[in-house]
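Single-structure report; data block below.
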Amino acid sequence: AQSVTQLGSHVSVSEGALVLLRCNYSSSVPPYLFWYVQYPNQGLQLLLKYTSAATLVKGINGFEAEFKKSETSFHLTKPSAHMRDAAEYFCAVTRSGGYQKVTFGIGTKLQVIP
Amino acid sequence: DAGVTQSPTHLIKTRGQHVTLRCSPISGHKSVSWYQQVLGQGPQFIFQYYEKEERGRGNFPDRFSARQFPNYSSELNVNALLLGDSALYLCASSRAGAVQDTQYFGPGTRLTVL
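Chains as they are written, first to last, in the working numbering: chain A, -14 to 99; chain B, 36 to 149.
Next up, the structure:
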């Protein structure tokens, strides 16, 4: 079985501050990990994905995430928050070698304070 | 190129009715997956189809069914609607449905069951 836990359903940061969204995963086999963003009334957009290559993954809009096997974590970071980053962020996991049954976390709503 | 399109955008049904949701994948994509996103939660995997064959199924009752057509578009059918079926239904397409393929999400169909 596979699962992800997102710590903090709501996160607030000031504009220009560091963004850190936490995600821990559980998987019995090597996982593929994803971060998606969802803006109000829209579908999900892929920010970045880890597929067992480099452990530090760079994505779109200045986001990156680091896969840490020893901590079973895949936290999302961005050095400087912009107002346009306000959205809901989902961490997700699937197992390598299987079909695309992606398991999503509950989501973290990011608020950016001007 | 057009992204993933879904119709209708919004739908209101009453308990016990039947509903059909439609999805057109990105041109050249042969795999379609369906997800249910209940308010305040992350998306939950329902089905994946590839080349008109069901490749995977999530933990949903038999009231939920789907199919994929020769042009790779897809329908999700839900019978005997319950209040708990109220959700945003998301469709995602990918080139070949492999785990490492990026999934592109449509804007979703908002279903309200009264």
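In this text, a Cβ means the ideal position worked out from N, Cα and C, and glycines have one as well.
So residue i and residue j are in contact, right, with Cβ under 8 Å, and what is the actual spacing, rounded?
i        : j       : result
ALA50/A  : HIS60/A : 6 Å
GLU110/B : THR55/B : 6 Å
PHE48/A  : LEU33/A : 6 Å
PRO16/A  : ARG80/A : 6 Å
LEU125/B : GLY92/A : Their Cβ separation, rounded to whole angstroms, is 13 Å, which puts LEU125/B and GLY92/A out of contact at 8 Å.
I need the straight-line Cα distance from residue i to residue j, nearest angstrom please.
i        : j         : result
THR130/B : TYR84/A   : Per the sequence shown, the amino acid found at residue 130/B is Arg instead of Thr. Those two C-alpha atoms are separated by around 13 Å.
ALA2/A   : GLY44/A   : 18 Å
ALA127/B : PHE95/B   : 18 Å
LYS58/A  : CYS8/A    : In the sequence under discussion, the amino acid at residue 58/A is Ser, which differs from the Lys named in the question. So the two alpha carbons sit approximately 6 Å from each other.
PHE89/A  : GLN(-9)/A : 9 Å
GLN138/B : SER66/B   : 9 Å
ASN114/B : PHE80/B   : 18 Å
THR100/A : GLN23/A   : Since the first residue of chain A shown is -14 and the last is 99, residue 100/A is not available in this structure.
ILE47/B  : LEU146/B  : 6 Å
TRP20/A  : GLU89/B   : 26 Å
Quick one: grab the DSSP three-state call for residue i.
i         : result
ILE45/A   : helix
GLY119/B  : helix
ARG69/A   : helix
PRO16/A   : strand
LYS54/A   : coil
THR149/B  : The question names Thr, yet the displayed sequence has Leu at residue 149/B. LEU149/B falls in the coil class under three-state DSSP.
LEU3/A    : coil
SER(-6)/A : coil
ALA77/A   : strand
ASN9/A    : strand
SER42/B   : strand
Decide if residue i is buried, meaning its Cβ has at least 16 other Cβ atoms within 10 Å, or exposed.
i        : result
ILE98/A  : exposed
PHE104/B : exposed
GLY51/B  : exposed
PHE149/B : In the sequence as presented, Phe is not what sits at residue 149/B; that position holds Leu. Exposed, since its Cβ has fewer than 16 Cβ neighbours within 10 Å.
ALA133/B : exposed
SER59/B  : buried
PRO64/A  : exposed
HIS64/B  : buried
Using a Cβ-Cβ distance cut-off of 7 Å, determine whether residue i contacts chain E.
i       : result
TYR84/A : The chain labelled as chain E is not found among the protein chains of the depicted structure, namely A and B.
Subject >> Contiguous beta strand (DSSP E) assignments of at least 3 residues, all confined to the stretch 51 to 129 of chain B >> reply: For the stretch 51 to 129 of chain B, the continuous beta strand (DSSP E) assignments of 3+ residues that do not extend past its boundaries occur at 54 to 59, 66 to 72, 79 to 85, 88 to 92, 99 to 103, 109 to 113, 122 to 129, in sequence order.
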